[in-house]
Amino acid sequence: MRCLNSLLPSLHNSIMKKRYVILFLLSLSFISCRDKNETNQIRTPRIVNPMVNGNDSVNDSTEQGDIEDTSFLVPMIDLPSDEYPQQIQDINLDSDTEEEQLILISTTDKEDHRFKLYIADYNNETMRFEKALEQDILVDHMDGLSTHLQDITGNQLNEVLVTGFDQNGFHTLDAFSIQTQGGTSGLRYKQIISITVNGTIDIQTSERSEDFKTGEITWESFPIITEASDESEENLDLVKTVYNWNRTAVRYQPVSVSQIPGVTIREEKLKDLYRGDLDDFKEFLSGPWHRISDLNEEKQPFLEEIMYFHPDENQVIFTAGDVQEIYDWNETYRTIFKGIYIQSVNQLIDSLRRDLYITVEDMDSIRVKIQGTTEWGGFYEPVSLSYQQSLIHNEILKPADDMIELSGLFKSSQGVEMYLDYPFFTEKSEDGTSRQGVLTFYNLYGTNVLQMRYQKANGLLEKRSVYRADYSVTSDSKRIIRTLTLQPGLLSVSGFSVEPGDSLHFEQIEIRESEES
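According to the UniProt record's numbering, numbering within the sequence shown proceeds without interruption in unit steps and concludes at 517.
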């Protein structure tokens, strides 16, 4: 299989590196080789930046987490001498078993800011890679660039979406859809929309029918909505444009343009904020906000979903019931006059990202839209100081350093095996079933907590388990016995609470070498 074979050079070059890098590469090969059919989730392919060499440095604000060493990836098609790959991504885009390759290039001419996207497809008949797409795109620099897959047309195949910003700071979107696959013509892509907006671009997702969920092609497409500043007026009016999918024309076309009246700014502070810079917006957002209603203005339970903006630590923390997820706040951009655009990536799983549009409605209300999903979208209000005392802040989440060092195979008396290679784990049940995921050890209010996140084959989260973790070491002249005891529980804004149930006991036994040897 090509995608597994392509890992061999990397494994050879990385043999002296930490084991968890190798395990992670193997897990990625499994993910990228599977038959893709996730239509309602945004999937972010793994990304490499071949421009970084030993003498270069990468700005922390632009990296998408710790990317494994995939420098062995090279373009699988010939490129002109004046074009240089900025990103190379291997991922399966269609229904065959072979991976395709996304190649994002820029020109070597410093005066030419043009970017281009290539899609390379492996042809089984000719046994070589061929161009499925060669297209100039609107984005002209790497800052804020995002490439992801999503079925926006409803044809049960993911479109390739590239978003970013141009030199003027305007938001850009280029989207490409499969037109043919298989046969003599092979895989071919067509550009279905290309827009630049001095404002926001939003893909308006919604729940799809049961027929669609069972695999039927229903063409339930998502509209694309832009809101841009009205450059012809010296006021705060916005121009809203709705683009719908046109199957006959095979592209998105504008179907309505409307004026959104400028707001009446009664508070001087709000007026100053709208005229402020990014730092002003970050300072305004800093702290916890709770969702009071969704985007359809349906009320939500009080303090059930909380979004904590922590600009000093470059983090956005999402808390819902007993679930807390921390995202690195990577990039921030001004969009329309009363909003900003935030790119964030999950601290533990760099393929999970949330791109947020934040619109300040007034001094006590913001509207949040997250690209590609309705989850967490809605209207938020700041959490009052009296309630903030009960929230879990990042400062009280401390790493459990002694447990982070745990590694290797642990076994239970029930026949369950757990292999730890922090932050990854593999769990094998008594019936031989294996599951993989990401784990976190931390100390909360003096309690050591283990959080295990099980992953599906496509890298998305499937299940989450939380335990109180107790660790002890005993030894004699022949053995060192490490015992890990896990008690199931719940994690909430008030801390960890134990659930009824039996504890899980795992042991790792190390045989001492004899002194004579």
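Just so you know, even glycine gets a beta-carbon here, dropped at the ideal spot from N, CA and C.
Treat the numbers as computed from the prediction; the structure is a model and nothing was measured.
Give me the DSSP bridge partner(s) of Leu246. It is worth fixing the name first, because residue 246 is Asn in this sequence and not Leu. Answer is Arg251, bridged to Asn246.
If you draw a straight line from the alpha carbon of Gln371 to that of Phe222, how long is it in whole angstroms? When rounded, the distance between both Cα atoms is 12 Å.
When DSSP labels each residue in this structure, what does Ile317 get in the three-state scheme? In the structure shown, the three-state DSSP call for Ile317 is strand.
Keeping to the same chain, check which residues put their C-beta closer than 7 Å to that of Ser407; ignore five residues upstream and five downstream. The residues Leu420, Asp421, Tyr422, in chain order, have a CB closer than 7 Å to that of Ser407 in the same chain once the five nearest residues on each side in sequence are set aside.
May I ask you to verify whether the segment 82-102 touches the segment 131-147, counting CB pairs closer than 8 Å and requiring at least 3? Contact between the segment 82-102 and the segment 131-147 is present, with at least three C-beta pairs closer than 8 Å.
Can you tell me whether Ile217 is buried or exposed? The criterion is at least 16 other CB atoms within 10 Å of its CB, across all chains shown. Burial call: exposed.
Answer with buried or exposed for Phe302, where buried requires no fewer than 16 other C-beta atoms within 10 angstroms of its C-beta. Phe302 sits exposed, since fewer than 16 C-beta atoms from the chains shown fall within 10 Å of its C-beta.
If we ignore side chains and look at the alpha-carbon of each, how far apart do residue 531 and Asn198 end up? Outside the displayed span of the chain (1 to 517) sits residue 531, for which this structure offers no information.
Separation of Ile195 from Ile366, as counted between CA atoms: In this structure, the straight-line span from the alpha carbon of Ile366 to that of Ile195 is close to 26 Å.
Leu98 by DSSP, collapsed to three states: which one? Strictly speaking, residue 98 in this sequence is Glu, with Leu absent from that position. DSSP places Glu98 in coil when its eight states are reduced to three.
On a CA-only basis, which of Lys213, Tyr122, Asp279, Lys271 is nearest Glu100? Give me that one, please. Nearest of Lys213, Tyr122, Asp279, Lys271 to Glu100, Cα basis: Tyr122.
Helix, strand or coil for Asp279, going by three-state DSSP, please let me know. In the three-state DSSP reduction, Asp279 falls in the helix class (H, G or I).
Which of the three DSSP states is assigned to Asp401 in this structure? Asp401: helix per DSSP, three-state reduction.
Who pairs with Met452 in a beta bridge, going by DSSP? The partner list for Met452 (beta bridge, DSSP) reads Leu439, Ser465.
Boundaries of the beta strand (DSSP E) in which Tyr274 is found, first to last residue: Premise fails: Tyr274 lies in the alpha helix (DSSP H), 268-274, not in any beta strand (DSSP E).
Is it buried or exposed for Trp329, if we count other Cβ within 10 angstroms and need 16 for buried? Trp329 comes out buried.
So is Thr474 buried or exposed if we call it buried at 16+ other beta carbons inside 10 Å? Thr474 comes out exposed.
Is Asp211 helix, strand or coil when you go by DSSP? It is helical.
On the CB-based measure, 16 or more other CB atoms within 10 Å of its CB, does Gln150 come out buried or exposed? Buried, because 16 or more other Cβ atoms sit within 10 Å of the Cβ of Gln150.
Between the C-alpha atoms of Asp166 and Tyr341, what's the straight-line distance to the nearest angstrom? Asp166 and Tyr341: Cα-Cα distance of roughly 14 Å.
In DSSP terms, what Asn123 is bridged to: Answer by DSSP bridge pairing, in chain order: Arg128.
Cβ-based neighbour list, Leu173, same chain, cut-off 6 Å, excluding 5 preceding and 5 following: So the qualifying residues of the chain are Thr163, Ile195, Ile201.
So, are the CB atoms of Tyr380 and His310 less than 8 Å apart? Not a contact, by the Cβ cut-off of 8 Å.
Does DSSP put Val498 in a helix, a strand or coil? The three-state secondary structure of Val498, taken from DSSP, is strand.
Enumerate in chain order the residues of its own chain whose CB-to-CB distance from Val449 is below 6 Å, with the five nearest sequence positions on each side excluded. Listed in chain order, the non-local C-beta contacts of Val449 below 6 Å within the same chain comprise Tyr442, Phe496, local neighbours out to five positions each way being set aside.
Bridge partner(s) assigned by DSSP for Glu427: Its beta-bridge partners are Met418, Arg435.
Measuring only the C-alpha atoms, how far is Phe129 from Ile103? In this structure, the straight-line span from the alpha carbon of Phe129 to that of Ile103 is close to 13 Å.
With a Cβ-Cβ cutoff of 8 Å, do Thr319 and Thr205 count as a contact? With contacts defined as CB atoms closer than 8 Å, Thr319 and Thr205 fail to qualify as a contacting pair.
CB of Val345 within 8 Å of CB of Arg353, strictly: The beta carbons of Val345 and Arg353 sit closer together than 8 Å.
Count the other C-beta atoms from every protein chain shown that fall within 10 angstroms of the C-beta of Ile119, then say buried if there are 16 or more, exposed otherwise. If you draw a 10 Å sphere on the C-beta of Ile119, you find 16 or more other C-beta atoms in it, and that means buried.
For Pro301, three-class secondary structure by DSSP: Pro301: coil per DSSP, three-state reduction.
Comparing C-alpha positions only, which one of Val498, Leu490, Ile480, Glu499 sits nearest to Gln508? Per the Cα distances, Ile480.
For Gln436 versus Tyr467, is the C-beta spacing smaller than 8 Å? Result no, Cβ atoms of Gln436 and Tyr467 do not sit closer than 8 Å.
Ser293: first and last residue of the uninterrupted beta strand (DSSP E) it sits in: Element bounds for Ser293: 287-293.
Give me the residue from Arg251, Trp376, Ile137, Phe170 with the minimum Cα distance to Ile192. Of the candidates Arg251, Trp376, Ile137, Phe170, the one whose C-alpha sits nearest the C-alpha of Ile192 is Arg251.
Are the CB atoms of His113 and Asp140 within a distance shorter than 8 Å? The answer is yes: Cβ separation under 8 Å.
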